[in-house]
Every structure is written in structure tokens, then in C-alpha cells.
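Residue numbers (the working numbering): 2 to 279.
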């Protein structure tokens, strides 16, 4: 099978330029749906970077043109940490979908998101054009407040374990005040607007987007919030398919340094669900 050369791309409005990597479909593979990859937030994005690169390569070899990109205020795109918000990232995803179709000529697309990136994909789907065929959501965040508290706990743990002069009082003592450590998550800023928009993700009022016609949720019930996702997906909904997949990966840990994490079972399942687009 032919090897394609990935292409860095810059797109979006002049005051909101975004950076992405385009993986053209292998020229000798049957032409299939384009795929936009929606990365997670913060440390989860750092840990999943290699996974997304391998996933994009695998899909492109199967005939799917793929675009992975950085939201505004993240990675190599314009903006600072404090500029990021879910509503803006939804706009970025729609711009990425447009860019992918322009680069590849794809007539229909799928969005594949992980953790908060899956939440962005669900929110943006409300504005999605008719050519969006499938959402593939991996360990999506459906309940915002517990997710933020999980990030806060992980942040405090990272401070406690840091190789630096001991802090007095300790981070764990300071964290007893719920107003502390709300603006950063293990090195990544959380603006007030982003925090409020994540808090608005409420399992009690959760509804699935009316399109696309196919939504696949790949979920590990053992991770933080995973049981909630399972309970929501267990409600009969002809549009939503639940796939349980226990991968045992802690995407927020900093103990592994910059090691690459590519759970093989998860990779295979993601490829399978994109390949199965009706």
C-alpha cells in the first residue's frame, strides 16, 4: 500500500488561525469518509497525542482522509490558555470539517473525539451539515462538575508529588477550600468561561444531538464518570450504540513523563467504528 505524506495546514479566520495536520487517504485505497479528530483537554491531550497520530495514519491507509488539529488557545494554534472555551472550540471543529472537505474532496465526514473532545463533537453536531455521517465518542465527558473536580484532584496530587520545595500549607490542605485550584489543571489554564461551559454539561439534562444518524460511544465504565456514561447509553435510543472497552489508561497522570500511550484494543475499535460508517 502506498505511503502518503502528511501536510501541515493553517486555516480559520484571520484573527483565529488554527494549525492542523492533514493525512491524505492512501491513493490506492478505496475512497471513504473524511475524519476529523477532536482531541481532549490538557494533560489528556498530551498523553493522547501519539494515539491520535497512529489513529490518523491507520485510517488514512484504509482510505480515509484525516485532519487532526489544535483548538484555538491550545497547541500550535493562535490564542492563550485563557482564550479557550467550548463554544469557540465548536466553531473550530466546524472550520476543521470545512478544511478537510476542501483538502480531500470528501463528500461525507465523521468526527471522532476523546474525553472533552467528544463533548465538543456532540455540542458542535447541533450545527453540523448534512454530510456528517457519524460521531465516534471515546470516553466522553457528559457530566461537567464531576469532571472538573476530577481534574482539580489530579492537579493537587501533581503538586503534592512535584520535586520542589515543600509548600506550607500543603496543596492538599489548601484544597479543602473548594474555591482553590479551579483555574488550572496540571499545567493548563481553565478560564472562567471554559469552567462555566463545562459545568453546564449536566447528566440530568443530557440529550443526544439529533444528527448525525449514527452515534457510537466507546466507553470504559471503570474510569471517572464512566458509569454515568454507561447509564445514559443504556436508555434505549436507536441513534446511539454503546461499546464497552476497558483500557485501564490514566490519561491525566504525569508519572509516565512523555511516554507514548497507544492502547491497541482502543485503536482497533476506533478504526472499526469509523470503517463501519453506513
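Glycine is no exception: its CB is placed at the ideal position from the N, C-alpha and C atoms.
Burial state of residue i (16 or more Cβ within 10 Å)
{"i": "residue 126", "result": "buried"}
{"i": "residue 16", "result": "exposed"}
{"i": "residue 297", "result": "An answer regarding residue 297 cannot be provided, because it is not within the stretch 2 to 279 covered by the chain."}
{"i": "residue 6", "result": "exposed"}
{"i": "residue 274", "result": "buried"}
{"i": "residue 35", "result": "buried"}
{"i": "residue 113", "result": "buried"}
{"i": "residue 174", "result": "exposed"}
{"i": "residue 71", "result": "buried"}
{"i": "residue 105", "result": "buried"}
{"i": "residue 86", "result": "buried"}
Cα-Cα separation between residue i and residue j, rounded to whole angstroms
{"i": "residue 13", "j": "residue 75", "result": "14 angstroms"}
{"i": "residue 235", "j": "residue 96", "result": "32 angstroms"}
{"i": "residue 88", "j": "residue 198", "result": "8 angstroms"}
{"i": "residue 277", "j": "residue 215", "result": "10 angstroms"}
{"i": "residue 152", "j": "residue 184", "result": "10 angstroms"}
{"i": "residue 222", "j": "residue 148", "result": "14 angstroms"}
{"i": "residue 107", "j": "residue 165", "result": "51 angstroms"}
{"i": "residue 264", "j": "residue 194", "result": "33 angstroms"}
{"i": "residue 2", "j": "residue 207", "result": "Reliability of the predicted coordinates at residue 2 is poor, the pLDDT of 48 falling under 50, and the value obtained from them is presented with this limitation in mind. Approximately 43 angstroms, taken between the alpha carbons."}
{"i": "residue 68", "j": "residue 109", "result": "14 angstroms"}
{"i": "residue 192", "j": "residue 20", "result": "21 angstroms"}
{"i": "residue 200", "j": "residue 121", "result": "14 angstroms"}
{"i": "residue 203", "j": "residue 150", "result": "14 angstroms"}
Integer-rounded CB distance, given that residue j should sit under 8 angstroms from residue i
{"i": "residue 233", "j": "residue 143", "result": "6 angstroms"}
{"i": "residue 140", "j": "residue 224", "result": "6 angstroms"}
{"i": "residue 91", "j": "residue 38", "result": "Residue 91 to residue 38, Cβ: 15 angstroms. No contact."}
{"i": "residue 61", "j": "residue 25", "result": "6 angstroms"}
For residue i: DSSP bridge partner residues
{"i": "residue 8", "result": "23"}
{"i": "residue 216", "result": "136 and 241"}
Can at least three beta-carbon pairs, one atom from the segment 23-32 and one from the segment 83-99, be found at a separation below 8 angstroms? Contact check between the segment 23-32 and the segment 83-99: fewer than three CB pairs, one atom from each, fall below 8 angstroms, which does not count as touching.
Can you confirm whether the segment 153-160 touches the segment 168-183 when touching is taken to mean that 3 or more C-beta pairs between the two stretches lie within less than 8 angstroms? Yes, they touch.
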